[in-house]
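Numbering (full-length UniProt numbering), first residue to last: 1 to 279. Written below as structure tokens is the structure these notes are about.
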Amino acid sequence: MVKPILCYGSQIWGNEYSPAIEFVHNMFCKKLLHVRKTTNTCMVLGECGRLPLCITYFTNCIRYWCKLLTMTSDRYPRQCYIMLKSIDDAGRICWATKVKSILFTYGFGYVWISQEIGDCDMFINVFRNRLIDCFTQNWHDTVSNSSRCHHYSHFKTLLNIERYLIIEMPAKHKIAYAKFRCSNHKLQVETGRHLNITFQNRVCNVCSQININMTFVDCEYHAFFHCTKYTSIRNQFLFNWYNSGTDLNNFYDLLSTNDFETIRKLAVYIFYLMNSIKD
């Protein structure tokens, strides 16, 4: 319902990136997950399995351009396009200029030069897949290079919708699960970022006082498996069914699982864990 409204008329205006449209799309996804407005967009799109809407409105615009190319010269839209093409050839910026820019940006400059497309449906399919490939790669690069995705980049490797969003379980568990995965919590790894504390110094005060010769970064992994503050919750809601290892790879394996029953159990544990983190 939201996407058709946002992309209405994009055959005309969809020849350039629209920050306003993308902002609405991103905020909708954040509200769906019940995470903060400041949450990394790459995390939110990753959880929802969403690509930028520019893929849709760029494709709509190029499809309309293809339609213009196949019109007979007596059609008014075709005559308008010929006029716009001549304006672009003269070095002035117009609608046709921005269409040309899209085509050259994504490796289809030869199509603009020839002004021929052959099979329209086949070309649009190839064009859209090229956009998907490019923006998927951009998403991977953003996740890999973001300091806020320190753990996220290891357990979220595919741009697809997460199973916990589509299986049947209490909404409060889904919300807690989403917030934990997207670093919407009060752990030092997140609060220390806002205070410009270096990653290594965002330590867990509870565990560092118990083991004075060691420092423990107060991150999602530490809270999930090791922090003594949450031992009772862990024993009650995690170790009553989980009996494998507690290293980083086990943490990543759990958060990347597709098993519905495991996800439900994890969501229950994380719900109580997140409630304790707030205290």
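Built from N, CA and C at the ideal position, the CB exists for glycine as well. It should be emphasised that the depicted structure is a prediction, and the values quoted were computed from it without experimental measurement.
query	result
Whole beta strand (DSSP E) elements within the stretch 168-204, 3-residue minimum	none
Among Leu51, Asp119, Thr142, the one whose alpha carbon lies nearest that of Leu69	Asp119
Contact the stretch 39-50 vs the stretch 140-147: 3+ CB pairs below 8 Å	yes
Pair within 9 Å by beta-carbon distance, Tyr230 and Ser276	yes
From Arg50, Leu103, Gly46, residue whose alpha carbon lies closest to that of Gly14	Leu103
Straight-line Cα distance separating Val44 from Glu190	16 Å
Backbone CA spacing between Thr72 and Thr136 [nearest angstrom]	38 Å
Chain-order list of residues whose beta-carbon lies under 8 Å from that of Ile210 (same chain, five-residue window excluded)	Thr228
Per DSSP, the bridge partner or partners of Val217	Val203
Candidates Pro19, Phe260, Gln115, of which the one nearest Arg163 by Cα	Phe260
Presumed contact (8 Å Cβ cut-off) between Ile124 and Cys66, rounded CB distance	7 Å
Distance between beta carbons of Thr246 and Phe225, contact taken as under 8 Å	4 Å
At least three beta-carbon pairs within less than 8 Å, the stretch 17-24 to the stretch 164-178	no
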